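To convert, note that position 225 of the sequence shown is 459 in my numbering; the numbers rise steadily by one, no gaps.
Note that CB positions come from ideal geometry on N, CA and C, so glycine has one too.
This one's a predicted model, so the numbers in the text were calculated from it and none came from an experiment.
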Amino acid sequence: MFNRRSIFLLGFPALIVAVGLAFMSGLYPIALNSGGFFGQDPAYQYLFAGVDILQGNAPVHTDHPGTPVQSLIAMTILLVWSIRRLGGFSGQGIFESVLSSPELYMASVSAILLLLGAVAAYFLGRRVWQVTGSRIAGVSCQVTALLFALVSPYIVYPTPEAALLATSVGLMAVLAPALLGGGRASAAISPAGAILAGVLCGLGVAVKITFVPLIGLLISLWSLRLLWRAVIAMIIAWFVGVLPIWSRLPAMFAWFNKVLTHSGLHGQGDKAIFGAQQFKQSIVLVINMFPLLYEVAMVMVVVLILGLGRKVLGLAGESPGQSREEGPPVRGGLRMREFVAPLTLLLVRAAQTIMVAKHPGPTYMIAVLPVTVMGGAWLVFTQRMVPLPALIRPWLGGLWLILLTYASVNASIDGYAGVRAMHESGERSRDAVLSQTSNFKNPVLIGTFNCNLPECALWFGILLVPEMEFKMEGITRDFYHFDIFGRRLHLPGVGELSAEATADTVNRLVDSGRPVFLISPPYDQLAQFRLEKLSGDRVQNLYRVKGYDRPQ
């Protein structure tokens, strides 16, 4: 796999690992990062979805759907727990071990996802080098994971995004001959390669629905026979990927339909696919988030127009050495097949943009980001629309690599600074709450969604796995959870209370004379509590609970 000729391709994957480990040091413990992009939502839900799979259940969390990542988490939990148990580091059962050390298990998942991303980057570089014959081209295609500060920390965040990026990069690697081969017969994809591309597409869609536009890359296969192989493999891989949630597929499709047919976020708003004003604003927002992605696209469009002009006007003759098996010649020395790959890259980019404009968010663009470097590689190293002298290409390639490296270094620095600032804010908020509550004897603490204490993160994760609530008594004996969505109190070892029992329990605790505190951002759903605000910051507020009004 590795040899002296390809050892240079290990540079950027090693850098990805180093930067990813730095991000981990800034992100963990994840429980502190409430309210941010890298907080307990949805990381803790994914952790306990893995626990749910180990219990033999279909995970309730099917929003993305994310099932392959949940399955990976389940396998990681089993592996890490076995190592700890056999090594004598823990005598706990597997589920008790997850409850007592959730961050350890999530960090293990992060390390595996980071390794997968680095391996995918290596193979993309290797494939591009083999197709183009350029080391610079190979190396330049490896930097996607570090290129955009908005999303680079996701390479270690234990949710679908890291797997999504690795799958997308892997798909680019498999299709590199079709995307960068210039339509040459020698660069055609094999039947096995088409099947592998289909498998990656199927798994990608199972990881996150935002992968769907990348299915369009299969157009670059050009052959109907290969395309059918890929599509069949994709369907089978998708079904295998979502197998653990088979019984919940109707609910998942109903959720997707709700999101698709309503103009607001998460299925809210008017019943319309797009709101015109929102769509326009979202398009501008997405372009501003990832300018390099669209700058490369603009250059590709210009080059394609010039290439089309060459074809129509017949400014050049047939390419030297062109054979029949490479496709029929066209005027201007360009074959029709040469237009397919760049048009496919542009089509996929446009489809992803429209999808994200419908439901805006930087993470929804992650799948398409590798198109940036693949488009750049096509422009600099393989396109023949605008003839470039052979001596100029290496210099342009060098400048392109320098630009990407500079952007990646800056993005990594900015990404790390962002996660550290978020984490330090969380630490200050947690310490302030604990400092104040420690002044009271035998307090009862109640947390809510996005409270940034470890107990809050645990409760948030297990709300979709009710069986785990009965194991919480030994973990958070005097820490309760108020579910703002259902407006119900959850007790360790007891589970969810009814609305009436919630009111009775809170009032009984207050009447007992024990100090009762609520730790929460300022939600409207807290209106039934009678509260005295003691302190607050950007993350959360600390309230003294005076009582709870019974539901009318």
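| Item | Value |
| --- | --- |
| So which of Ala422, Leu451 and Ile423 has the shortest CA-CA distance to Gly436? | Leu451 |
| Decide yes or no for the touch test of the region 727-742 against the region 637-655: beta carbon pairs closer than 8 Å, at least 3 of them. | no |
| Rounded to whole angstroms, what's the CA-CA distance from Ser268 to Ile753? Just pull it up for me. | 12 Å |
| Considering only C-alpha positions, which residue in the set Gly610, Leu448 and Pro484 is nearest to Leu526? | Gly610 |
| Per DSSP, what kind of secondary structure is Ser557 in: helix, strand or coil? | Because the pLDDT of Ser557 is 38, which lies under 50, any placement of that residue in the model is unreliable, and the number read from its coordinates should be weighed accordingly. Reduced to three states, the DSSP call for Ser557 is coil. |
| Tell me whether His657 sits in a helix, a strand or coil according to DSSP, three-state version. | helix |
| If we ignore side chains and look at the alpha-carbon of each, how far apart do Leu687 and Phe382 end up? | 30 Å |
| Looking only at its chain, what residues have a beta carbon closer than 6 Å to the beta carbon of Leu725, apart from the 5 residues adjacent to it on each side? | Tyr714 |
| In whole angstroms, what is the alpha-carbon distance linking Ile479 and Val493? | 19 Å |
| Measure the alpha-carbon distance for Glu730 versus Pro755 and round it to whole angstroms. | 21 Å |
| In whole angstroms, what is the alpha-carbon distance linking Ala252 and Val390? | 11 Å |
| How do the region 271-291 and the region 303-315 stand: do at least 3 beta-carbon pairs fall below 8 Å, yes or no? | yes |
| Report the start-end ranges of each alpha helix (DSSP H) in the region 370-417 that is 4 residues or longer and not cut off at the edges. | 394-414 |
| From what residue to what residue does the alpha helix (DSSP H) around Tyr598 run? | Careful: Tyr598 lies outside any alpha helix (DSSP H) and carries neither H nor E. |
| Taking the runs of the beta strand (DSSP E) that are 3 residues or longer, which of them lie wholly in the region 428-505? | none |
| Which same chain residues, not among the five before or five after Asp771, have their C-beta less than 6 Å away from its C-beta? | Ser663 |
| Taking the C-alpha atoms as reference points, what is the distance between Arg654 and Phe329? | 30 Å |
| Which residues share a DSSP beta bridge with Ser769? | Leu776 |
| For Trp456 and Arg571, which I take to be in contact (beta-carbon distance under 8 Å), what is that distance rounded to the nearest angstrom? | 6 Å |
| In chain order, what residues of the same chain lie with their CB nearer than 7 Å to the CB of Arg319, ignoring the 5 residues before and after it? | none |
| Would Lys212 be called buried (16 or more neighbouring beta carbons within 10 Å of its own) or exposed? | No answer is possible for residue 212: it lies beyond the span of the chain, which begins at 235 and ends at 786. |
| Looking only at its chain, what residues have a beta carbon closer than 7 Å to the beta carbon of Tyr262, apart from the 5 residues adjacent to it on each side? | Glu337 and Ala341 |
| Would the beta-carbon of Leu698 fall within 8 Å of that of Gln326? | no |
| Apart from the five residues just before and just after Ala467, which ones in its own chain have a Cβ nearer than 6 Å to its Cβ? | Ile429, Gly432 and Val433 |
| In chain order, what residues of the same chain lie with their CB nearer than 6 Å to the CB of Gly300, ignoring the 5 residues before and after it? | Pro394 |
| Let me know the secondary structure DSSP gives Glu730 once reduced to three states. | strand |
| Less than 7 Å between C-beta atoms, sequence neighbours within five positions excluded: which residues of the same chain meet that for Ala585? | Pro447 and Gly450 |
| So the alpha helix (DSSP H) Ser331 belongs to, where does it begin and stop? | Ile328 to Ser334 |
| By Cβ distance below 7 Å, which residues in the same chain neighbour Arg360 in space, the five residues on each side in sequence not counted? | Ser240, Leu243 and Gly372 |
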